[in-house]
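Position one of the sequence shown corresponds to residue 1 (this note's numbering), numbered consecutively onward.
By construction, the Cβ of each residue, glycine as well, lies at the ideal position given by its N, Cα and C atoms.
Working notes, structure below.
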Amino acid sequence: MLEEMDTQNSTTELAKGCAHPEMLYLPETVRDWPWTRMINPYYKEVAHESSVWLKSLEPFKERSQYAFDICDFGRLAALAYPFASREDLRTAADLMSVFFAIDEYTDVEPQQVVKEMTGVIIDAVRNPTKPRPEGEVVLGEITRQFWVRAEKTATPEAAKHFVDTFADYLDSVVIQAGDRDQNRIRTAEEYFETRSNNIGTRPSFAIGELHLSIPDYVFYHPTIKELEFLSSCLVALDNDIVSYSKEQALGDDRHNIITVVMHQFNLTLPEAMNWASERHKKFQDQFLDGLRNVPAWGKDIDDQIAVYIEHLGGWPRANYCWHFESGRYFGSKGLEIQKTRYVPLYPKRNRVTHLHKEDIDIPIVDCL
């Protein structure tokens, strides 16, 4: 099906003969999305380099590191930045690992601890030459090393935009932790406002402009911000649709749109999936309509903003493809599920939440 794709990693503990009482149908949300699948030719070598770098900092114990590795975050970067230089792709691959390491570390912590962790992380970005203190959470050094490398190739405008959007992302992670502490489930509209930040797309979009010099009055124009919001919502919806089975099994689905609309509108699971698919189509239409409203600022800026918008359009397709090509949500069955559209509703399991930091337990999907 995908000639350039290497064979997926499979786990050594593959669950065999496990009968699940319910199968969940996944709507094909990007069937008509005009951006097609592409992958950066530097994918394999850069993904390997980035993985070796992260492991050298020892953020996880062996089993959890294995579960992290089969997610293939370098592939996500290569799909999202198909035309990036080798250097910029390395920055993108490192950032994907930064995001998901933050996700794993903060998902099991109360809001106050998450606030302390995110404070360390943003300080590392704002002060990348400052040595990190002994005994500090490793996320600080991971982020510092990432940004030291990234900043070397970033224009001043791109660097500023990344730091600003990354700070917003970290703030939203703290908000999510507060919701988790209070067992709060937001309304759908509240969800989109929060999720458009904590899905991590806005800092990721900024990586797509590392070589560009987009002035603030263009970058923060309402039309550009609306396109960013819509692209982020498309990514979030697809993420929530494919991750729901895993997240509900682990009891980590409060910030999933499927849970949100089932709770808010008293929907069944199939009805909630249909709601998410219809909202996805609405956001697609709004994004494509919004492209017609992008102002003209002169050839130099227009050419640069066109490159930036390509990243906004490409991310939903890249994200969608990665869901099935990696082991993050479907283990070794991703390509099969992409064809059949059916995923088992994994049985409930108690995730080990008393382990923290490098001892964190990252579940392997094939073992659910």
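Here DSSP, grouped into helix, strand and coil, assigns MET38 to coil.
DSSP lists PRO344 as the bridge partner or partners of MET23.
Secondary structure at PRO203: helix, using DSSP grouped into helix, strand and coil.
Between the stretch 101-115 and the stretch 169-184 there are three or more C-beta pairs closer than 8 Å, enough to call the two in contact. Cα atoms of ARG184 and ASP300: separation of roughly 47 Å, rounded to the nearest angstrom. Leaving aside the five residues that flank TYR320 on each side, the residues in its chain whose CB is nearer than 6 Å to its CB run, in chain order, VAL30 and ASP238. In this structure, the beta-carbon distance from ILE142 to LEU57 falls below 7 Å. Cβ neighbours of LEU95 within its own chain (closer than 8 Å, five residues either side excluded): ALA77, PHE146, ALA150, PRO203, SER204 and ILE207. THR29 carries a coil assignment under DSSP once its states are collapsed to helix, strand and coil.
Between the stretch 183-202 and the stretch 65-73, the count of C-beta pairs closer than 8 Å stays below three; the two stretches do not touch. By the neighbour-count criterion, in which 16 or more other beta carbons inside 10 Å mark a residue as buried, ALA306 falls on the exposed side. The Cβ atoms of HIS323 and VAL242 lie closer than 7 Å to each other. With contacts defined by Cβ atoms closer than 7 Å, ALA188 and GLN65 do not form a contacting pair. Going by beta carbons, VAL46 and ALA93 fall inside the 7 Å limit.
Within a 10 Å sphere around the beta-carbon of MET262 sit 16 or more other beta-carbons, which makes this residue buried.
With contacts defined by Cβ atoms closer than 7 Å, ASP366 and SER332 form a contacting pair. With fewer than 16 other CB atoms across the displayed protein chains lying within 10 angstroms of its CB, GLY298 is exposed. Secondary structure at ARG349: coil, using DSSP grouped into helix, strand and coil. By the Cβ rule, the stretch 281-289 counts as touching the stretch 213-231, because three or more pairs are nearer than 8 Å. Taking C-beta atoms under 8 Å as the contact rule, ILE309 and TYR105 fail to qualify, at a distance of about 33 Å. Secondary structure note for TRP147: its alpha helix (DSSP H) is the uninterrupted segment 139-151. Judged by DSSP in its simplified three-state form, TYR81 adopts coil rather than helix or strand. Check the Cα spacing between ILE364 and each of SER51, ILE257, PHE330 and VAL294: the tightest is with PHE330.
Under the three-state reduction of DSSP, ALA92 is assigned to helix. Shown here, CYS71 sits in coil according to DSSP, grouped into three states, outside any helix or strand.
Of all alpha-carbon atoms in ILE39, ALA318, ALA167 and THR259, the one lying nearest the alpha-carbon of ARG126 is that of ALA167. Nearest C-alpha to MET38 among LEU335, GLU336, TRP315 and LEU355: TRP315. In this structure, THR223 and ASN293 form a Cβ contact; the two beta carbons are roughly 5 Å apart against a cut-off of 8 Å. Relative to ARG317, the option among ARG254, VAL114 and TRP35 whose CA is nearest is TRP35. Membership of HIS280 in the alpha helix (DSSP H) is indicated by the continuous run 269-290. Spanning the alpha carbons of VAL352 and ASN256 requires a straight line of approximately 20 Å. In the assembly as shown, MET273 is a buried residue. Its beta-carbon has 16 or more other beta-carbons within 10 Å. When the alpha-carbon of LEU288 is set against those of LEU54, HIS211, GLU226 and LEU89, the nearest one is in GLU226. Across the structure, GLU336 and ASP123 are spaced so that their CA atoms are roughly 43 Å apart.
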